[in-house]
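> Mapped onto the UniProt record's numbering, the consecutive letters of the first sequence carry residue numbers 1 to 633. Please read through the structure below; I'll follow up with questions.
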Amino acid sequence: MSGCSSLLPVTVAPYPHGNSDRKLAKGAPSRIEILAFLKTCKDITRIHLAHAKIVRNGLQQDKFIAFELLRACSTAKSMEYATKIFSTLEAPNVFHYTAMIDGHVLSGSSEDGIRLYYQMIGSSIIPDGYVTASVLKACGLGLDLREGKEVHGQIMKLGLGCNRIVGINLIEAYGKCGAFQDAWKVFEKMPEQDVVLRTVMMSCYFDHGRVEEACAVFRGIGEKDTICWTALIDGLVGNGEMSKALQAFREMQRDNVNPNEFTLVCVLSACSHLGALELGRWVHSYLRNFKIDPNCFVGGALINMYARCGDIDESKQVFCQLRDRDVTTYNTMISGLALHGNSAEAIKTFQLMKKDGIQPNDLTFVSLLNACSHGGLAELGFEIFYSMKDYGIRPQVEHYGCMIDLLGRIGRPREAYDFMKSMNVHPDNIMLGSLLSNCKLHGDFELAEILAKILIDQSDLDSGTLVLLANLYASQGRWDDAALFRARMKNRGIRKEPGCSSIEVDGNIHEFLLGDIRHPERDRIYLKLGELDELLRSEGYSPVIKVVLHDLEGDEEKERTLTIHSERLAICYGLISTEPKSPLRIVKNLRICYDCHQVIKLITRVTERKIVVRDRNRFHHFENGTCSCGDYW
DNA sequence: GTTCCTATGC
1 MSGCSSLLPV TVAPYPHGNS DRKLAKGAPS RIEILAFLKT CKDITRIHLA
51 HAKIVRNGLQ QDKFIAFELL RACSTAKSME YATKIFSTLE APNVFHYTAM
101 IDGHVLSGSS EDGIRLYYQM IGSSIIPDGY VTASVLKACG LGLDLREGKE
151 VHGQIMKLGL GCNRIVGINL IEAYGKCGAF QDAWKVFEKM PEQDVVLRTV
201 MMSCYFDHGR VEEACAVFRG IGEKDTICWT ALIDGLVGNG EMSKALQAFR
251 EMQRDNVNPN EFTLVCVLSA CSHLGALELG RWVHSYLRNF KIDPNCFVGG
301 ALINMYARCG DIDESKQVFC QLRDRDVTTY NTMISGLALH GNSAEAIKTF
351 QLMKKDGIQP NDLTFVSLLN ACSHGGLAEL GFEIFYSMKD YGIRPQVEHY
401 GCMIDLLGRI GRPREAYDFM KSMNVHPDNI MLGSLLSNCK LHGDFELAEI
451 LAKILIDQSD LDSGTLVLLA NLYASQGRWD DAALFRARMK NRGIRKEPGC
501 SSIEVDGNIH EFLLGDIRHP ERDRIYLKLG ELDELLRSEG YSPVIKVVLH
551 DLEGDEEKER TLTIHSERLA ICYGLISTEP KSPLRIVKNL RICYDCHQVI
601 KLITRVTERK IVVRDRNRFH HFENGTCSCG DYW
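Written as structure tokens, this is what we have:
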């Protein structure tokens, strides 16, 4: 690749702060000039500057200026500052309240929004359509159905029931709270039941995981526009229905509805999950053909797609060429590099971010610590962890989780356990599961048992954790204890998430489960599997059956289970359906097992192919008998 | 009315 060779360049395009070159003229600026300047205030530093000018010119109580100032604070999510300004207003009006409530909603604080609304009513200000729409957003955000109904009553009294904006927000508030009957009642009373209202209804069903009902609403839409198609694709992606999302995208094109950048971001997201590199590349060229200049969202989606589809070079390339970079752009790049085990570059990107003047957030540190964990960089991990406070970020359970994972992985589970006990947050199942599995890996069964006892008491165990516990006991030959967990899963109707691998061939995704025989080419696939098995054995391979932890009868059956692991089926299909020596890209939903890892290394040697595997946690680039993870994963 | 990044185990 050009531009970005092995490491990211230190010099990058300066990060534009979204400001125009507009400056305040010297001397007393006019009211118009201040209003225009306020429109360009996207960050708090610039807002402070504007505020100082306003005060100096004695315009603090100017209604329009105060409103624009509050709007700027809201957009920049600086609600503390906004609240200070608001409290100095002698007679705030309904617009000022609306700006404040919107800001609270944007910052995720629904209670503050609702509280302000009542404060407004308390000062005898009559609500209008805008402010009721805002407070309804707060009700939806806070899932506050009781409050939503209260506001609904006031809307009727105020005669705002037929206001379209109010209606949309009322439907949305009910929908977000899951009160679909109430939502439909409002829907039916609206003068026009158009595509917008139906899109709102559909999205609410998706938010609640009610995919069938959402799709039914979609089918009821007469004239389907770009936004409703996009909302459909987004909803499917959000509910893990990636293939259906791509199918919907194809239907949209057949329907001759043009995608916009929102649509393409959703499609890229689906590609990322599926590892659909070819389609992802198609979207990228579509963007170029239609000269859609990548904004932060599109850029981030592309970086993520290339990284998650295994092409980290192209991912870096997009990152380097992007003109607008925000905190998410950087987070995406850092997590992508971590995913590929490029810990050093992840750290370098973090340095670049600071140089660029972008404030890291909590997710930045999750990605960074994750990079350290995958690279086995304990000391650096601690350094970064303890530096978080310098950025005003208090470690959350995820950050502690990374540290415990990091210590566990490098074979220091006892230290991880001590660290866990010293935290000021409650350990969660993810953290306990990670440490438990690392205890198992490093042979500390005493600690594993302690952790298992903690986990057993948790009521909300998911299938992965239960399988982990079952396997812990199975590995000790304690079949009765193992069976207990399998029974517990069965009783609660929890099904084990089956191992599943996929491969993209000619733009189509082919999925394989353990021992899958559904593929039309199954005969040739299994023939290849047998052929490969013999070849590998002649190369000195013998299966490591220790990793098969089901209580199967006899070694032969254990061996057979290994050979039909889904990733091997996907690889065999790739071998028979693509050009010799062309690289194969596999996506697996679970972590790759030790034996498959060994086998794939050998396969790359005997077939002279590169094989890229994305497992649950990271990428493995196999080539000529070795793997990029250095057998540490 | 629609968009990118979030630790783990099977």
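Even for Gly, the Cβ is constructed at its ideal location relative to N, Cα and C.
Helix, strand or coil for SER475 per DSSP?
As a first step, residue 475 must be located in the first sequence, where it is residue number 475. In the structure shown, SER475 sits in a helix (DSSP, three-state: H, G or I).
> Relative to the alpha-carbon of GLY336, which residue among LEU569, ASP324, GLN317 and LYS354 has its alpha-carbon at the smallest distance?
Here residue 336 refers to the residue found at position 336 when the first sequence is read from its first residue. When only C-alpha atoms are compared, the closest one is GLN317.
> Go ahead and pull the three-state DSSP assignment for ARG614.
The sequence position of residue 614 within the first sequence is 614, counting from 1. The three-state reading of DSSP puts ARG614 in strand, counting E and B together.
> In the DSSP assignment, what are the bridge partners of PHE622?
As a working mapping, residue 622 is identified with position 622 in the first sequence. ILE611 and CYS627.
> Enumerate, from N- to C-terminal direction, the unbroken alpha helix (DSSP H) stretches of 4 or more residues contained entirely within the UniProt repeat "PPR" (326–360).
For the UniProt repeat "PPR" (326–360), whole alpha helix (DSSP H) runs of length 4 or above, ordered along the chain, are 327–339 and 343–355.
> Please confirm if the stretch 129–136 is in contact with the stretch 167–174, defined as three or more CB-CB distances below 8 Å between the two stretches.
yes
> Go ahead and pull the three-state DSSP assignment for ARG146.
Here residue 146 refers to the residue found at position 146 when the first sequence is read from its first residue. Secondary structure of ARG146 (DSSP, three-state): helix.
> What residues in its chain sit with their C-beta under 8 Å from that of LEU602, if we drop five residues either side in the sequence?
Counting from 1 along the first sequence, the entry for residue 602 is found at position 602. Within the same chain, LEU536, GLU539, TYR541 and GLY625 come within 8 Å of LEU602 by CB-CB distance, once the 5 residues on both sides are set aside.
> Going straight from the alpha carbon of GLY630 to that of PRO395, what length do you get?
Here residue 630 corresponds to residue number 630 of the first sequence, with the count starting at 1. Here residue 395 corresponds to residue number 395 of the first sequence, with the count starting at 1. Spanning the two alpha carbons is a distance of roughly 30 Å.
> Could you tell me if VAL612 is buried or exposed, where buried requires 16 or more neighbouring beta carbons within 10 angstroms of its beta carbon?
Locating residue 612 in the first sequence gives position 612, counting from the first residue. Within 10 angstroms of the beta-carbon of VAL612 lie 16 or more other beta-carbons, which makes it buried.
> For GLN359, which residues in the same chain have their Cβ closer than 8 Å to its Cβ, ignoring the five residues on either side in sequence?
For the purposes of this step, residue 359 is taken as residue 359 along the first sequence, with counting starting at 1. Around GLN359: VAL327 and TYR391.
> To which residues of the same chain is HIS565 closer than 7 Å at the C-beta, ignoring the five residues directly before and after it?
Taking the first sequence and counting its residues from 1, the one referred to as residue 565 is at position 565. Within the same chain, HIS565 has close Cβ partners GLY499, LEU514, CYS593 and CYS596.
> In angstroms with no decimal places, state the Cα-to-Cα distance between SER272 and ASP324.
Along the first sequence, read from residue 1 onward, the residue named residue 272 stands at position 272. Along the first sequence, read from residue 1 onward, the residue named residue 324 stands at position 324. Approximately 21 Å between the Cα atoms of the pair.
> Given that a residue counts as buried once 16 or more other Cβ atoms are within 10 Å of its Cβ, and exposed if not, what is VAL548?
Within the first sequence, numbered from 1, the residue matching residue 548 stands at position 548. Below a pLDDT of 50, predicted positions are generally treated as unreliable, and VAL548, at 48, falls in that range; the measurement from the model is reported next regardless. Residue environment for VAL548: buried (at least 16 other C-beta atoms within 10 angstroms of its C-beta).
> Suppose you measure from the CA of LEU141 to the CA of ASP102; what does that come to, to the nearest Å?
Here residue 141 is taken as the residue at index 141 of the first sequence, counted from 1. Here residue 102 is taken as the residue at index 102 of the first sequence, counted from 1. Approximately 11 Å, taken between the alpha carbons.
> Between which two residues does the alpha helix (DSSP H) harbouring VAL121 extend?
Numbered from 1 along the first sequence, position 121 holds the residue referred to as residue 121. In the sequence under discussion, the amino acid at residue 121 is Ile, which differs from the Val named in the question. From DSSP, the alpha helix (DSSP H) with ILE121 extends over 110–122.
> CB-CB under 7 Å to TYR632, same chain, minus the five flanking residues each way: which ones, in chain order?
Against the first sequence, residue 632 aligns to sequence position 632. Closer than 7 Å at Cβ, skipping near neighbours: GLY376.
> My understanding is that ASN589 touches ARG568, with C-beta atoms under 8 Å, so please give their C-beta distance in whole angstroms.
Numbered from its first residue, the first sequence carries residue 589 at position 589. Numbered from its first residue, the first sequence carries residue 568 at position 568. With a Cβ gap of about 15 Å, ASN589 and ARG568 do not count as contacting.
> GLU504: buried (16+ other C-beta within 10 angstroms of its C-beta) or exposed?
As a first step, residue 504 is located in the first sequence; it is residue number 504 there, counting from the start. Per the 10 Å Cβ criterion, buried.
> I'd like to confirm the pairing. Which residues does DSSP put opposite GLU504 in its beta bridges?
For the purposes of this step, residue 504 is taken as residue 504 along the first sequence, with counting starting at 1. GLU504 is bridged to ILE509.
> Excluding five sequence neighbours on each side, which residues of the same chain lie with their C-beta closer than 7 Å to the C-beta of LYS440?
Along the first sequence, read from residue 1 onward, the residue named residue 440 stands at position 440. Result list for LYS440: ALA448, LEU472 and SER475, in chain order.
> If you draw a straight line from the C-alpha of HIS374 to the C-alpha of LEU406, how long is it?
Numbered from 1 along the first sequence, position 374 holds the residue referred to as residue 374. Numbered from 1 along the first sequence, position 406 holds the residue referred to as residue 406. Going from the Cα of HIS374 to the Cα of LEU406 covers about 8 Å.
> To which residues of the same chain is LEU264 closer than 6 Å at the C-beta, ignoring the five residues directly before and after it?
If you number the first sequence from 1, residue 264 lands on position 264. So the qualifying residues of the chain are VAL283.
> Out of curiosity, what's the CA-to-CA distance linking GLN60 and CYS177?
On the first sequence, residue 60 is found 60 positions in, with the first residue counted as 1. On the first sequence, residue 177 is found 177 positions in, with the first residue counted as 1. Roughly 39 Å between the two C-alpha positions.
> I need the DSSP call for LYS185, collapsed to helix, strand or coil.
Residue 185 sits at position 185 when you count from the first residue of the first sequence. Helix at LYS185.
> Among residues of its own chain, excluding the 5 on either side of ALA99, which ones have a beta-carbon nearer than 7 Å to its beta-carbon?
In the first sequence, counting from the first residue as 1, residue 99 sits at position 99. For ALA99, where only same-chain residues beyond five positions count, the Cβ hits under 7 Å are PHE67, LEU70, ARG71 and SER74.
> Is it the case that the stretch 238–248 contacts the stretch 201–212, given that we only count it when at least three CB pairs across the two stretches are under 8 Å?
Result yes; three or more Cβ-Cβ pairs closer than 8 Å.
> Where LYS244 and VAL267 are concerned, what is the direct C-alpha to C-alpha distance, given to the nearest angstrom?
The residue given as residue 244 occupies position 244 in the first sequence. The residue given as residue 267 occupies position 267 in the first sequence. Straight-line Cα distance between these residues: approximately 11 Å.
> If I'm right that ARG618 touches GLY341 with Cβ under 8 Å, what's the distance once you round it to whole angstroms?
On the first sequence, residue 618 is found 618 positions in, with the first residue counted as 1. On the first sequence, residue 341 is found 341 positions in, with the first residue counted as 1. Going by Cβ atoms, the distance from ARG618 to GLY341 rounds to 6 Å, so yes, they are a contact pair.
> What does the Cβ neighbour count give for TYR118, buried or exposed, with the cut at 16 atoms within 10 Å?
Taking the first sequence and counting its residues from 1, the one referred to as residue 118 is at position 118. Looking at its Cβ environment, which holds fewer than 16 other Cβ atoms inside 10 Å, TYR118 is exposed.
> Is it buried or exposed for ALA570, if we count other Cβ within 10 angstroms and need 16 for buried?
What you label residue 570 is simply residue 570 of the first sequence in a count that begins at 1. Its Cβ being crowded by 16 or more others within 10 Å, ALA570 is buried.
> Are the beta-carbon atoms of VAL195 and GLY222 separated by less than 9 Å?
Within the first sequence, numbered from 1, the residue matching residue 195 stands at position 195. Within the first sequence, numbered from 1, the residue matching residue 222 stands at position 222. Closer than 9 Å, so yes.
> Taking its Cβ as the centre, do 16 or more other Cβ atoms sit within 10 Å of GLU446, making it buried, or is it exposed?
Position 446 of the first sequence, counted from the first residue, corresponds to residue 446. By the 10 Å Cβ count, GLU446 comes out exposed.
> When the Cα atoms are used, what is the spatial distance from SER501 to GLU521?
On the first sequence, position 501 is the one that residue 501 refers to. On the first sequence, position 521 is the one that residue 521 refers to. Computed Cα separation, rounded: 16 Å.
> Going by beta-carbon coordinates alone, are GLY310 and ARG614 separated by less than 9 Å?
Your numbering for residue 310 matches position 310 in the first sequence. Your numbering for residue 614 matches position 614 in the first sequence. A contact, by the Cβ cut-off of 9 Å.
> Quick one: is the Cβ of THR98 within less than 8 Å of any heavy atom of the ligand ADP?
Ligands displayed in this structure: none; no statement on the ligand ADP is therefore possible.
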